[in-house]
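Q:
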Amino acid sequence: MNGEAKRSITPFAREPEGEGMPAHVAIIMDGNGRWAAQRGLPRLEGHRRGVEAIRRAVRAAGDLGIRYLTVYSFSAENWRRPAQEVSDLMGLLKRFVRHDLAELHANNIRVRIIGQRQGLSPDIRMLLDEAEQLTRSNTGLTLVIAFNYGGRQEIVEAMRSLARRVRDEALDPDAIDMDMVEAALDTQGIPDPDLVIRTSGEQRVSNFLTWQTAYSEFVFLPDFWPDFDEATFRAALAEYGRRERRFGGLTVRAG
Ligand code: IPE
Ligand code: IPE
Ligand code: MG
5 MNGEAKRSIT PFAREPEGEG MPAHVAIIMD GNGRWAAQRG LPRLEGHRRG
55 VEAIRRAVRA AGDLGIRYLT VYSFSAENWR RPAQEVSDLM GLLKRFVRHD
105 LAELHANNIR VRIIGQRQGL SPDIRMLLDE AEQLTRSNTG LTLVIAFNYG
155 GRQEIVEAMR SLARRVRDEA LDPDAIDMDM VEAALDTQGI PDPDLVIRTS
205 GEQRVSNFLT WQTAYSEFVF LPDFWPDFDE ATFRAALAEY GRRERRFGGL
255 TVRAG
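No gaps in the numbering here: position 192 of the sequence shown is 196 in my numbering, and each next residue is one more.
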C-alpha cells in the first residue's frame, strides 16, 4: 500500500503495523466529570484522575507497539465551560507538561501538539513549544496532544493557508489535491488514525479529527475516562482486530 500509484487509488488505505495492530490510535477522553459526580467529588478531581489515565494509556501504547497515540485534551468548544473549570484544565496541562516531559523524553517519546496556539496564554504556548522542541528527534511512540483543537477550525486554517498561496500566485487552484490539504493540516506527517476510541458511552465525534477519520474504525466504550487502563485498551484493540476495513474496496483487512 506504500507506492504512489497505489496511493492514488486508495488514498486512505495503509497496512497496519504488526498483526491487527493499529499504527495510530486516537482517544476522545470523555467522562471525567461524571466519574467525579458518581463519587460526590468535584469535577476537578475527575480531571486529575484523567491525567493519571493518560499516563497509563501512554505506557500501554508504548508497550503494545502502537506508533502514534492522539489524545483529545481540550476542544475548541470547551471554552464554553465555566471559567473555573477552564482554568483548572489549563493548570492540569501545564502541570502535566512540567511534570512528565522529562520522563516522556527519557522514554524516546516524541510529543506533538495539534490545535490553535493563538488564544492560549504565553506560558502554555512556551511549554507546548518546549515539549515539541525537546522531543523532536525521538523515534519511539509519537504522543499527539490535541489541545484547543477543533477539526473544523483546523480545516478552515488549512484552507486559509492554501488560499494565501493562490492569492500570491504561488499555487494553481487546480493543483490542490488531498495530499496538499493533508500537508496544510496540523497533523501533517501523521498517518490517519486507524482506531478512534471514545469513553463514557457518548457516541459522537465532537469535532475531533474531522478530515483524518474518514476511514477510521470507531470503538465506543461505556467506561469513564479515569477508569481507563491497559485492560480497557486491550479490549478496544481486540474489537478493532475483529473489524474488516475495506476503504471502499472489497478485500482490505484490518490485519
Ligand atoms: C473529558 O471529560 C475531559 C474534557 C472534555 C476536558 P468531561 O469533562 O467532558 O466529563 P463529562 O463528559 O462531563 O463527564
Ligand atoms: C470532547 O468531549 C472533548 C474532549 C474529550 C477534550 P466533550 O465532553 O467536550 O464533548 P461533548 O460536549 O459531550 O460533545
Ligand atoms: Mg464530556
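Glycine is no exception: its CB is placed at the ideal position from the N, C-alpha and C atoms.
1. Should D231 be counted as a contact of ligand 1 given a C-beta to heavy atom distance under 7 Å?
2. Which residues does DSSP pair with Y76 in a beta bridge?
3. Within the stretch 148-229, note down every full beta strand (DSSP E) run reaching 3 residues or more, in order along the chain.
4. Can you tell me whether G37 sits near ligand 3, meaning its C-beta is under 7 Å from at least one heavy atom of the ligand?
5. First and last residue of the alpha helix (DSSP H) that includes R129?
6. Please classify S91 as buried or exposed, where buried requires at least 16 neighbouring CB atoms within 10 angstroms.
7. With H, G and I counted as helix, E and B as strand and the rest as coil, what does DSSP make of I70?
8. CB of I70 to nearest heavy atom of ligand 2: below 7 Å?
9. Once DSSP output is grouped into helix, strand and coil, what is the label at R85?
10. Ignore the nearest five residues each way along the sequence and tell me which others in V29's own chain have a CB closer than 6 Å to its CB.
11. Quick one: grab the DSSP three-state call for R60.
12. Name the two residues that bound the continuous beta strand (DSSP E) containing R116.
13. Does the separation of the CB atoms of E89 and R47 fall below 8 Å?
A: Inspection of the coordinates gives the following:
1. Distances taken from the Cβ of D231 to the heavy atoms of ligand 1 include none shorter than 7 Å.
2. According to DSSP, which records beta bridges pairwise, Y76 is partnered with I32 and A150.
3. 199-202 and 221-224, all fully within the stretch 148-229.
4. In this structure, G37 has its CB closer than 7 Å to one or more heavy atoms of ligand 3.
5. Where R129 is concerned, the enclosing alpha helix (DSSP H) stretches over P126 to T139.
6. Exposed, by the Cβ-count rule.
7. Looking at I70 - three-state DSSP - the assignment turns out to be coil, as it is neither helix nor strand.
8. Here the distance from the Cβ of I70 to the nearest heavy atom of ligand 2 is not below 7 Å.
9. If DSSP states are grouped into helix, strand and coil, R85 belongs with coil.
10. Residues I70, L73 and L199 of the same chain have their beta carbon placed closer than 6 Å to that of V29, with the five preceding and five following residues left out of the count.
11. If DSSP states are grouped into helix, strand and coil, R60 belongs with the helices.
12. Per DSSP, R116 belongs to the beta strand (DSSP E) from R114 to I118.
13. In this structure, E89 sits near R47, with a CB-CB distance shorter than 8 Å.
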